[in-house]
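In the numbering used here, the protein residues as written are 25 to 1000.
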């Protein structure tokens, strides 16, 4: 039970910082054994040290809140402590005196009231008192009760632990403790007295030396009688006899020997307990001091701050209450009233761990929010619906252009992540961008720095510095000095000024809609603040730490660089400017105090735009040759656009990866070539780059950034209207050039997935080329691509389609917002457009992507295919809604309503195109909604598709799943 209790404690404190703190005492395998309770004694010792340290800190804070007179009296009482620890009588007499003093002063009542009041005022205090009093104390109480053979205290501790077992889903011990406590309540007084005397064994007269009966057996049994699985691990009769005949006599022999030798007795107790030995006490004192030194700066029980900061985070305070309710319900339902079988499954309690602190709210009553579950799209069902609609179009006059103006799901498949539809689709960004620039501007891609005629300045993306791993056992201050001396100061040989820019803490919030920054995919604790003496992890753990705490670590590094020891390491006359992660900027020079640079204060959230602000300020300070060091392709495109800044002679981006060959991009040359040789306005390149995908805008499935930019370069004059996206707010008529760009990208031969591309059919190519000249709409393109994929019997149709006009508009809203931010990069304070008017919405207090405004499915009565009436079609759904029967109906082959429809199959490839999407009327169903439901089940599809069609044998139409492939394949052949 104690082992399970320790497992609960370490499990709940995982990633709270306590596990790292224990790493100061134990290393490597021993550290892991302590946290997994593989080493019982060391794990128990670690918990006792944490318990003692927390009590010292709590009592120290409490004493400071007491009146001065009471503190003086308490100090006088403590000064009477005996100096001779071997005199047991004096020690007990002084201890009784202390208890009398505390009782008379009623400090217990004052202490309890102070605890309650502080918990109401301060969240951090409430968390750490929970850890100390509700989490660790029950285990210590059980340990003390066993050592002192106190049966009542032992039962009380077991009751407290039982609540923890229930709330933390340790089901076996939850059942065991519940049954045991229930049995104690109903057992006879004689049996209760017997248990109270036999639950623990005392092998000597030494105080605090009683141990539990099961532990006594465990430590005294013959090793020959134990196997890998304990006593039951070996079933040999001989070994069982050895065990049963030896353990009791070994215990008895040890006791008799001790008595005969007179080592200890009631009159000469020498307190020889191992935990009281001089070596153990010295070791405990050293380790306790290490823990206290680490925890003092955390101010765990201080009321100064209300946040659980640094290493420690928010925790759900209802854990014990939930466990108590579960324990009471288990005993009442299964053991008292017996309304529930004991063998029935014990369901898990709602438990949220510390590393999920940013995913839920904690209140005094309940858990308001659960962890957000991923929303996956059912592509199989979506494809089945598309195929069903295309088949219906062979029997009815359905406007497929209007129908395919809907996405058939909650989010556009071409723009959202297939793993989680609440996230943006992400594809290759840096490689596609660099490869395109290398193809179009080979002269601008260098493997060496261009020659320098005058002083240069270097602007560094601070996030690239955090890619360097800290050395083992390094804290934040040591890591910051390592970065300064090894990776920054050597650069002053080539540059007289270096600016380092870190992204804002809000940057993480902006990027929460992409997978690598999504809170749901992160299991690393997010800290409110990181102190200079925080010990950094290494390897993969460091990567995870940086992903979740980039801005906090950057803020800690900046504070370390502002210290005198760091400033003195700078070369003479060298200027180091630090900006971010807050709005301020600081200039450092050797032998000088840090100076605030008011001209560089800004509210920029993203690093890429703030880099441009520093470039502009450097030009004003006489630096006309500037190098920007960043591996972000967003920065490269921004530098190409802003290479026109007055006075700037050369703007170069160093995109070299660590330990890789130099990758230098001459942005000034590319900017000039765009205008002179390609006739491309740089702002169009900026817009197309955002349209093709970035950290705040979706990538388009199957279309690479390279394809988007190549399409722009082929006919830049056709896309001049893209500049409409630079003027906020935009309307639906402003995205006509965007629609044209998407149509050309999807109708080109440069798509990512050629297997599902519509260009694989020569007939479709020629048809698209004709429509391309007529400026085909994107909704019409969707219908044509769906029909082409249907004819080919493609595995998936939905994933190959472009977005609808509706969802493309909301994508353009997000793009327009991002472009507006980039165009303000030279301003210190950016006027950020409202997110709610830029393709986002607020739901349940959380920002979410607004994908579309139309319904997922069209509300068109002609799409009804629910004819289940067998016999003559006089009262079926099709007749009632004045629709012809289809292949999905179960009517006979000679149905007059079906024959009429089959004699006039429409040509779905010559669909008329409405004038504009705005003028296109919405079809509204006029028939009863109970006759048709899009939320069909698998069984319904199979039933409705099992009738023979034309000359297709009935046997061939059996066992039809969601996609009904045999049926679709047959009609795809007919369509061709």
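All residues carry an ideal CB built from backbone N, CA and C; glycine is no exception.
Distance between residue 570 and residue 558 (C-alpha atoms, nearest Å): For residue 558 and residue 570, the gap between their C-alpha atoms comes out near 14 Å.
Per DSSP, what are the beta-bridge partners of residue 485 in this structure? Checking the DSSP bridge columns, you'll see residue 485 partnered with 525.
Residue ranges of each alpha helix (DSSP H) run of no fewer than 4 residues wholly in the stretch 709–767, ordered along the chain? Correct list: 729–738.
Can you find at least 3 beta carbon pairs, one from the stretch 848–868 and one from the stretch 729–745, that sit closer than 8 Å? When Cβ pairs closer than 8 Å are counted between the two stretches, the stretch 848–868 is seen not to touch the stretch 729–745, the count staying below three.
What do you get for residue 573, buried or exposed, if any count of 16 or more other CB atoms within 10 angstroms of its CB means buried? By the Cβ-count criterion, residue 573 is buried, with 16 or more other Cβ atoms from all chains shown falling within 10 Å of its own Cβ.
Assuming residue 1065 and residue 655 form a contact by the criterion Cβ under 8 Å, report the distance between their Cβ atoms to the nearest whole angstrom. Only positions 25 to 1000 of the chain appear in this structure, which leaves residue 1065 out of reach.
Less than 8 Å separating the beta-carbons of residue 668 and residue 695? In terms of Cβ geometry, residue 668 and residue 695 form a close pair [threshold 8 Å].
Under a three-way DSSP split, which group does residue 679 fall into? Secondary structure at residue 679: coil, using DSSP grouped into helix, strand and coil.
If you reduce the DSSP assignment to three classes, tell me which class residue 145 lands in. Residue state, collapsed to three classes: helix.
Closest Cα partner of residue 78 within the set 480, 423, 313: If we check each option's Cα against that of residue 78, 313 comes out closest.
With a threshold of 16 other CB atoms inside 10 Å of the CB of residue 37, please say whether the residue is buried or exposed. Of the residues assessed, residue 37 falls on the buried side of the cut-off, its CB having 16 or more other CB atoms within 10 angstroms.
Status (buried if at least 16 other CB within 10 Å, exposed otherwise) for residue 921: Looking at its Cβ environment, which holds 16 or more other Cβ atoms inside 10 Å, residue 921 is buried.
Answer with buried or exposed for residue 294, where buried requires no fewer than 16 other C-beta atoms within 10 angstroms of its C-beta. Caution applies to residue 294, whose pLDDT of 46 falls short of 50 and renders its modelled position unreliable; the model cannot decide the point.
Buried versus exposed, by CB contacts within 10 Å (16 or more), residue 889: By the 10 Å Cβ count, residue 889 comes out buried.
Three-way DSSP call (helix, strand, coil) for residue 132 in this model: Residue 132: helix per DSSP, three-state reduction.
Range covered by the beta strand (DSSP E) that runs through residue 871: It spans 870–873 - the beta strand (DSSP E) in which residue 871 sits, taken as one unbroken run.
Give me the DSSP bridge partner(s) of residue 14. Nothing about residue 14 can be reported from this structure: the residues present for the chain run from 25 to 1000 only.
Pair within 8 Å by beta-carbon distance, residue 498 and residue 555: Cβ distance not < 8 Å, so residue 498 and residue 555 don't count as in contact.
In this structure, does DSSP put residue 836 in helix, strand or coil? Of the three classes helix, strand and coil, the one that applies to residue 836 here is helix, per DSSP.
Once you ignore the five residues that flank residue 48 on each side, which residues in its own chain have a CB closer than 6 Å to its CB? Exclusion of the five residues before and after residue 48 leaves 314 as the residues of its chain whose Cβ lies within less than 6 Å of its Cβ.
With hydrogens ignored, establish whether the beta-carbon of residue 176 is closer than 7 Å to any heavy atom of the ligand ZN. As for the ligand ZN, it is missing from this structure, which has no ligand bound.
Reducing DSSP to helix, strand and coil, say where residue 782 ends up. Because the pLDDT of residue 782 is 43, which lies under 50, any placement of that residue in the model is unreliable, and the question is left without a value.
For residue 447, name the three-state secondary structure that DSSP assigns. It is coil, neither helix nor strand.
Environment of residue 305 [buried if 16+ CB atoms lie within 10 Å]: Under this definition residue 305 is an exposed residue.
Close Cβ partners of residue 153 (< 8 Å) along its chain, the five nearest in sequence each way excluded: Shown here for residue 153: same chain residues with a beta carbon closer than 8 Å to its own, the five before and five after excluded, namely 82, 139, 142, 143, 325 in chain order.
Tell me the rounded alpha-carbon separation between residue 469 and residue 689. Spanning the alpha carbons of residue 469 and residue 689 requires a straight line of approximately 5 Å.
Could you tell me the alpha carbon to alpha carbon distance between residue 201 and residue 567, rounded to whole angstroms? Distance between the alpha carbons of residue 201 and residue 567: 42 Å.
Thinking C-beta only, is residue 462 closer than 8 Å to residue 45? Taking a C-beta distance under 8 Å as the contact criterion, residue 45 and residue 462 do not qualify as a contact pair.
When burial is assigned at 16 or more other CB atoms within 10 Å of the CB, is residue 658 buried or exposed? Classification of residue 658: buried, given that the 10 Å Cβ count is 16 or more.
Just the Cα atoms here: how many angstroms apart are residue 1001 and residue 419? The structure shown does not extend to residue 1001, since the chain is modelled only from 25 to 1000, so the question has no answer here.
With distances taken Cα to Cα, identify the nearest neighbour of residue 217 among 203, 174, 188. When each option's Cα is compared against that of residue 217, the closest is 174.
If you count every other CB in all the chains shown that lies within 10 Å of the CB of residue 629, and 16 or more means buried, which is it? Of the residues assessed, residue 629 falls on the buried side of the cut-off, its CB having 16 or more other CB atoms within 10 angstroms.
Alpha carbon to alpha carbon, how far is residue 768 from residue 729? Give it in angstroms, no decimals. Whole-angstrom Cα-Cα distance: 14 Å.
So what does residue 440 bridge to, in DSSP terms? Its beta-bridge partners are 448.
Taking the C-alpha atoms as reference points, what is the distance between residue 28 and residue 164? Rounded to whole angstroms, the separation of the alpha carbons of residue 164 and residue 28 is 13 Å.
Residue nearest to residue 19 in terms of C-alpha spacing, selected from 836, 883, 161, 851: In this structure the chain extends from 25 to 1000, so residue 19 is not present and cannot be described.
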